[in-house]
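In our numbering, the protein residues as written are 5 to 95.
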């Protein structure tokens with residue numbers, strides 16, 4: 005089970021891949037599986053190529069997984085969708 009070392013919501017200075025978007029895409033859900041306002045969030049993320057854009061706040065976590073440090077970055081809106089629909093893998 006990952007151990008959370010640090011968490012913050014900094015402002016991006018460059019493009020980063022959104023790791024929460026990866027889990028949404030892996031779920032293979034259709035647009036009809038989400039609420040209309042969530043569909044708009046997904047469309048906006050897709051327009052950004054599922055990346056965190058410079059100047060936007062994002063979730064930054066450092067976790068210890070199996071003895072090594074890993075960094076997780078995600079758009080906050082996409083992270084909230086993953087939490088709501090339990091799309092992250094169980095640890």
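Ideal Cβ positions, reconstructed from N, Cα and C, are used throughout, including at glycine.
Here's a check: name, in chain order, each residue in its chain whose Cβ is nearer than 6 Å to the Cβ of residue i, leaving out the five neighbours to either side.
i	result
residue 20	56, 77
residue 10	66
residue 74	67
residue 54	22, 25
Taking the alpha helix (DSSP H) that residue i falls in, what are its first and last residues?
i	result
residue 48	40 to 51
Which of the three DSSP states, helix, strand or coil, is assigned to residue i?
i	result
residue 55	strand
residue 85	helix
residue 78	strand
Output the boundary residues of the beta strand (DSSP E) element that contains residue i.
i	result
residue 23	Run containing residue 23: none in the beta strand (DSSP E); it sits in the alpha helix (DSSP H), 23 to 30.
residue 66	62 to 69
residue 8	7 to 12
Grab me the residues of residue i's own chain with a C-beta within less than 7 Å of its C-beta, minus the 5 sequence neighbours each way, in chain order.
i	result
residue 42	85
residue 30	none
Measure from the C-beta of residue i to each C-beta in chain C and report whether the shortest distance is under 7 Å.
i	result
residue 73	In the structure shown, chain C cannot be found, because there is only a single protein chain.
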